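Peer 1: Protein chains in written order, with numbering that gives the first Met the number 0: chain H, 0 to 220; chain W, 0 to 220; chain E, 0 to 220; chain Z, 0 to 220.
Cβ coordinates follow ideal geometry from the N, Cα and C atoms, glycine included.
Because the structure is a prediction, the values reported are computed rather than measured.
Protein chains: 4
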Amino acid sequence: MQQLVQGIHRFQREIFSQDKKLFETLVEGQHPLALFITCSDSRIDPSRLTQTKPGELFIQRTAGNIVPSYGSNLGGEAATIEYAVAALKVRDIVICGHSHCGAMAGILKPEAVNKMPAVRAYLQYAEATRRIVEENYAHLTDPARRLMLTVEENVLVQLENLRTHPAVAAAIARGELKLHGWVYKFETGEVFTFDPDQNHFVPLAESASPQSEPHRSLPPI
Amino acid sequence: MQQLVQGIHRFQREIFSQDKKLFETLVEGQHPLALFITCSDSRIDPSRLTQTKPGELFIQRTAGNIVPSYGSNLGGEAATIEYAVAALKVRDIVICGHSHCGAMAGILKPEAVNKMPAVRAYLQYAEATRRIVEENYAHLTDPARRLMLTVEENVLVQLENLRTHPAVAAAIARGELKLHGWVYKFETGEVFTFDPDQNHFVPLAESASPQSEPHRSLPPI
Amino acid sequence: MQQLVQGIHRFQREIFSQDKKLFETLVEGQHPLALFITCSDSRIDPSRLTQTKPGELFIQRTAGNIVPSYGSNLGGEAATIEYAVAALKVRDIVICGHSHCGAMAGILKPEAVNKMPAVRAYLQYAEATRRIVEENYAHLTDPARRLMLTVEENVLVQLENLRTHPAVAAAIARGELKLHGWVYKFETGEVFTFDPDQNHFVPLAESASPQSEPHRSLPPI
Amino acid sequence: MQQLVQGIHRFQREIFSQDKKLFETLVEGQHPLALFITCSDSRIDPSRLTQTKPGELFIQRTAGNIVPSYGSNLGGEAATIEYAVAALKVRDIVICGHSHCGAMAGILKPEAVNKMPAVRAYLQYAEATRRIVEENYAHLTDPARRLMLTVEENVLVQLENLRTHPAVAAAIARGELKLHGWVYKFETGEVFTFDPDQNHFVPLAESASPQSEPHRSLPPI
């Protein structure tokens, strides 16, 4: 804990003066570029990864970058998404999974989360992920590849959940919002995005216009 | 959106090589110092504020750094907290509110969130914050001070909610977890922590041992 | 059932005349000393135990003296607590557990409540109790002591849940409400209260000022 | 609070020895005569009213003796009822309303509970009571009579809610459980029970077999 406190004092002494002017303008309000939904995992730093500055990314982080589908139980995800779209009018939402995700490992090995009832309950919102992997990839037995595939499929599943949110559906319908599915492989620095034409995840190209509305339209390969 | 994609390519070209060795060790697993719960607000960058590196902070972010009390509706907050405490064994949890928080402004001006049902529903978990401010601070009419006070009181309220989570209660009971309530004033770079002796928030001191288990035990001043 | 009806007639013939004057003044309204939250167990009689008269104790009784934490599901406990604090302005709330509690036995032996889905669901609000006992008292194997300990820990857990109720939080914040955790051992007539200094439950002393705001701040012994 | 503590010590010194033998047998378990559901109101003492001893009445008390109908939100009422019927095998359940009930006054004057969201939410389970009174008794304008009528109608409404509980429905179906609707007028000591033949509440007779399954079968008078 002492390390965090000392880090803050170092920030105040050495770093804050660089940000001072920017923060003064941000007192007036925020106009983020996008809502970035990713995992709570300590190995992910969305601002560093995207080289964005304070004020540019509105960030939602819970275990497994899961987005419960819209329903009677309105929790933090529903509120955060609604606020980003309806109040802040973000134009893009990224759901970004990542390699070596503990929550996705929990999907493949349910007994590992047996003593964690809240985690187990939350993984119900990724039950489609579990089934897609189980029913379509029986042949894929290598654990590392199976986990990465689960991460990828989960990004697509959570995008479907995201579309059930009324504010999101309405903004897509009027052409003011695009959705993006990414996977970040932190150990290589690579980011992959789903390409509907190729029907799998491909490296995020610098020039290509970012994919939006990525649905699987073919059976997975 | 193009800015994000270009940022990622800049990260890959210029930054990743600095992190490469660190990330290689992190493939084995994460051992974060703390769970850091803060708002989705784009003006907050927890890693930059605390000068921590990848692998050091497990981060939960939803609007208003709200933590629903534990109950039958298990969402992302309950799962993320349980995973951090029961699986990752973090020893500290920080709830960090911040100046100019839009969710807290929504508490003071409910008509502003009238058209956002998911936000309104989520703010029910901060209803105690609203009542504490309404019933105890009628005399405080300056809007800016009233908002900052709401941010502060909400950190204390969410700490109470956090204590209802079984994994948290069990870890506190065996002396293996401490809770911390902070407020970050981004426009000055200051961080404040609740001091039970003085009964209000004070600047986070570099040397002092960080406050834990902060409860209000006296009427507010 | 006939016994109840005959008891009522005996009350009307022999007892009511003693209470007549008191009840006439109580028609105007009630001003109870405290909200007393205890179990539905037939062996507990709060009025007899505290030697209070009609008008003095506002009483909430459900199985296991459980207080669901505040949230979107507002049931009888939330309403009763809010009414006691916000409308009746009680200054003290006691949560009183008791020896040989069937609900607490259900926590230790979940298979016993397997066929009672409503009981099982309600015990989720005491999941923190179950975990504290399981994770911290593995060495305590004597069933009788283990049950009594569960009763004690549950009183502390339910006090945490109680603090999440907005009316309670607001009244504590302005110094107008105190919380008390008691355990009643009906077979000896003893009442115990949590002493934060000694970190365990001690006999309720006649002269000592009653404990308020009892939290565990140290690992249990 | 000091009065409660002193009352307990008086109980221990002067009263407990009378109960000692009884309590020793009750350590083995409870076999209550009935589940008695009544209001939290401080002016009601069910044990004194029915002249019952410890071990004889299993008691549920929340504001307004309301019994939420069975559904997805399982709270203390559902658990307590299920435990009483399925585990303790009680043969009778009494719902007992009372004169001058503050919760029923809140039904007639909703603006009085406007600032109590949990009370307001809970009164939704007595919405049928409100409508029956509003739609059938427009001619009854005397406030005192209107309140007493609301108390009576609410007992009948809550009996209907009680019948939706699976454990109750199953026990009624096999002839092992009877339901009773009473109103206690504390200022006179009288208890009234619903008489389906006369279609209104009548004084509880000493000899008559207690009414069970009281439904309104005719329009109210």
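Taking 8 Å as the cut-off, decide whether the C-beta atoms of W:Q59 and H:D40 are in contact.
Peer 2: Here residue 59 of chain W refers to the residue found at position 60 when the second sequence is read from its first residue. Here residue 40 of chain H refers to the residue found at position 41 when the first sequence is read from its first residue. No, the pair does not count as a contact, with Cβ atoms beyond the cut-off.
Peer 1: Identify every residue that forms a DSSP beta bridge with Z:R60.
Peer 2: Walking along the fourth sequence from the start, residue 60 of chain Z turns up at place 61. Answer is E:R60 and Z:T37, bridged to Z:R60.
Peer 1: According to the neighbour-count rule (16 or more other Cβ atoms, all chains shown, within 10 Å of its Cβ), is E:N64 buried or exposed?
Peer 2: Your numbering for residue 64 of chain E matches position 65 in the third sequence. Result: buried.
Peer 1: Chain H partners of W:H99, CB-CB under 7 Å?
Peer 2: Mapped onto the second sequence, residue 99 of chain W falls at position 100. Here the neighbours are V26.
Peer 1: Nearest chain W C-beta to E:Y69 closer than 8 Å, yes or no?
Peer 2: For the purposes of this step, residue 69 of chain E is taken as residue 70 along the third sequence, with counting starting at 1. By this cut-off, E:Y69 is an interface position.
Peer 1: When the Cα of H:A104 is compared with those of H:M147, H:A78, H:Y82 and H:L139, which residue comes out closest?
Peer 2: As a first step, residue 104 of chain H is located in the first sequence; it is residue number 105 there, counting from the start. Among H:M147, H:A78, H:Y82 and H:L139, the Cα nearest to that of H:A104 is on H:M147.
Peer 1: Figure out for me which residue from Z:A137, Z:I92 and Z:D141 has the closest Cα to the Cα of Z:V154.
Peer 2: Within the fourth sequence, numbered from 1, the residue matching residue 154 of chain Z stands at position 155. The residue with the shortest Cα to Cα distance from Z:V154 is Z:I92.
Peer 1: From the DSSP output, in three-state form, read off Z:F15 for me.
Peer 2: For this step, residue 15 of chain Z is matched to residue 16 along the fourth sequence. Of the three classes helix, strand and coil, the one that applies to Z:F15 here is helix, per DSSP.
Peer 1: Compare the beta carbon distance of H:Y136 and H:R129 with 8 Å and say whether it is the shorter of the two.
Peer 2: Locating residue 136 of chain H in the first sequence gives position 137, where the first residue counts as 1. Locating residue 129 of chain H in the first sequence gives position 130, where the first residue counts as 1. Contact: no.
Peer 1: E:I58 CB to nearest chain W CB: under 8 Å?
Peer 2: Stepping through the third sequence from its first residue, residue 58 of chain E is reached at position 59. It does not: the Cβ of E:I58 has no partner Cβ on chain W nearer than 8 Å.
Peer 1: Under 9 Å, CB to CB, which of the residues in the region 0 to 19 of chain W have a partner in chain H?
Peer 2: Here the close residues are M0, Q1, Q2, L3, V4, Q5, G6, I7, H8, R9, F10, Q11, E13, I14, F15, S16, D18 and K19.
Peer 1: Short of 6 Å in beta carbon distance, which residues of its chain neighbour Z:C95, apart from the five on each side in sequence? Order them along the chain.
Peer 2: Here residue 95 of chain Z is taken as the residue at index 96 of the fourth sequence, counted from 1. Excluding sequence neighbours, Z:C95 sits near T37, W181 and Y183.
Peer 1: Less than 8 Å between the CB atoms is what I'm expecting for W:I43 and W:F193, so what's the real figure, rounded?
Peer 2: Position 44 of the second sequence, counted from the start, is the residue given in the question as residue 43 of chain W. Position 194 of the second sequence, counted from the start, is the residue given in the question as residue 193 of chain W. Contact doesn't hold; Cβ gap of about 19 Å is too wide.
Peer 1: Please report whether the beta-carbon of E:V182 lies at a distance below 8 Å from any beta-carbon of chain W.
Peer 2: Stepping through the third sequence from its first residue, residue 182 of chain E is reached at position 183. Judged by the 8 Å Cβ criterion, E:V182 is not in contact with chain W.
Peer 1: Any idea which residues DSSP pairs W:V190 with across the strands?
Peer 2: For the purposes of this step, residue 190 of chain W is taken as residue 191 along the second sequence, with counting starting at 1. W:Y183.
Peer 1: Would you mind telling me which residues of chain E sit closer than 9 Å to Z:F185, beta carbon to beta carbon, in chain order?
Peer 2: Locating residue 185 of chain Z in the fourth sequence gives position 186, where the first residue counts as 1. Ordered by position in chain E, the residues that pass the 9 Å Cβ test against Z:F185 are D18, F22, L25, V26 and P53.
Peer 1: On the CB-based measure, 16 or more other CB atoms within 10 Å of its CB, does H:P142 come out buried or exposed?
Peer 2: On the first sequence, residue 142 of chain H is found 143 positions in, with the first residue counted as 1. Under this definition H:P142 is an exposed residue.
Peer 1: List, from N- to C-terminal side, the beta strand (DSSP E) runs of 3 residues or more that fit wholly inside the region 86 to 157 of chain H.
Peer 2: Fully enclosed beta strand (DSSP E) runs of 3 or longer: 91 to 97.
Peer 1: Using a Cβ-Cβ cut-off of 7 Å (strictly less than) and excluding sequence neighbours within five positions of H:E126, which residues of its own chain qualify?
Peer 2: What you label residue 126 of chain H is simply residue 127 of the first sequence in a count that begins at 1. Correct list: empty, nothing qualifies.
Peer 1: Any idea if E:G101 is buried or exposed, counting beta-carbon neighbours within 10 angstroms, 16 or more meaning buried?
Peer 2: Start at 1 with the first residue of the third sequence, and residue 101 of chain E comes out as number 102. It is buried - the Cβ of E:G101 has at least 16 other Cβ atoms within 10 Å.
Peer 1: Hey, would you say H:S46 sits closer than 8 Å to W:R47, going by beta carbons?
Peer 2: Mapped onto the first sequence, residue 46 of chain H falls at position 47. Mapped onto the second sequence, residue 47 of chain W falls at position 48. Against a cut-off of 8 Å, the Cβ pair of W:R47 and H:S46 comes out as a contact.
Peer 1: Could you confirm whether any beta carbon from chain H is found closer than 8 Å to the beta carbon of W:Y136?
Peer 2: As a working note, residue 136 of chain W is residue 137 in the second sequence. For W:Y136, the answer is no, since every Cβ of chain H falls outside 8 Å of its Cβ.
Peer 1: Using a beta-carbon distance below 8 Å, is W:P195 in contact with chain H?
Peer 2: Your numbering for residue 195 of chain W matches position 196 in the second sequence. It does not; no Cβ of chain H falls within 8 Å.
Peer 1: Specify, as a first and last residue, the run of the beta strand (DSSP E) that H:H199 falls within.
Peer 2: Locating residue 199 of chain H in the first sequence gives position 200, where the first residue counts as 1. Per DSSP, H:H199 belongs to the beta strand (DSSP E) from H199 to P202.
Peer 1: Quick check: the Cα distance between E:A166 and H:E205, rounded to an integer number of angstroms?
Peer 2: To locate residue 166 of chain E, count along the third sequence from 1; it is residue 167. To locate residue 205 of chain H, count along the first sequence from 1; it is residue 206. So the alpha carbons of these two residues sit roughly 54 Å apart.
Peer 1: Relative to the C-alpha of E:G6, which residue among Z:V190, Z:T61, Z:H199 and Z:Q2 is closest?
Peer 2: As a working note, residue 6 of chain E is residue 7 in the third sequence. The candidate whose alpha carbon is nearest that of E:G6 is Z:V190.
Peer 1: Cβ closer than 8 Å: which chain W residues qualify as neighbours of E:E126?
Peer 2: Here residue 126 of chain E refers to the residue found at position 127 of the third sequence. Within 8 Å Cβ-Cβ: Y69 and P165.
Peer 1: For W:V118, which residues of its own chain have a beta-carbon under 8 Å away from its beta-carbon, when the five flanking residues on both sides are left out?
Peer 2: Counted from its first residue, the second sequence places residue 118 of chain W at position 119. Answer for W:V118: A62, A102, G105 and V112, listed in chain order.
Peer 1: Spell out whether any CB of chain E is found under 8 Å from the CB atom of W:E159.
Peer 2: Mapped onto the second sequence, residue 159 of chain W falls at position 160. It does; some Cβ of chain E falls within 8 Å.
Peer 1: Report the residues of the region 100 to 113 of chain Z with a CB closer than 9 Å to any CB of chain E, ordered along the chain.
Peer 2: The region 100 to 113 of chain Z vs chain E, Cβ under 9 Å: G101, A102, G105, A111 and V112.
Peer 1: CA-CA distance, W:R12 and W:K20?
Peer 2: As a position in the second sequence, residue 12 of chain W is number 13, starting the count at 1. As a position in the second sequence, residue 20 of chain W is number 21, starting the count at 1. C-alpha separation (whole angstroms): 16 Å.
Peer 1: On the criterion of 16 or more Cβ atoms from any shown chain inside 10 Å, does Z:F200 qualify as buried, or is it exposed?
Peer 2: Residue 200 of chain Z sits at position 201 when you count from the first residue of the fourth sequence. Z:F200 comes out buried.
Peer 1: Using the Cα positions of W:E151 and E:Y69, report the straight-line distance between them to the nearest angstrom.
Peer 2: Along the second sequence, read from residue 1 onward, the residue named residue 151 of chain W stands at position 152. Along the third sequence, read from residue 1 onward, the residue named residue 69 of chain E stands at position 70. The straight-line gap from Cα to Cα measures roughly 20 Å.
Peer 1: E:R130 touches chain W at which residues, Cβ-Cβ below 8 Å?
Peer 2: Within the third sequence, the letter at position 131 stands for residue 130 of chain E. Ordered by position in chain W, the residues that pass the 8 Å Cβ test against E:R130 are P165, A166, A168 and A169.
Peer 1: For chain H, find out if any of its Cβ atoms is closer than 8 Å to the Cβ of W:M115; answer yes or no.
Peer 2: The count along the second sequence starts at 1 and reaches residue 115 of chain W at position 116. It does; some Cβ of chain H falls within 8 Å.
Peer 1: Taking Cβ positions only, does W:I65 come closer than 8 Å to chain C?
Peer 2: In the displayed structure, chain C is absent; the protein chains listed are H, W, E and Z.
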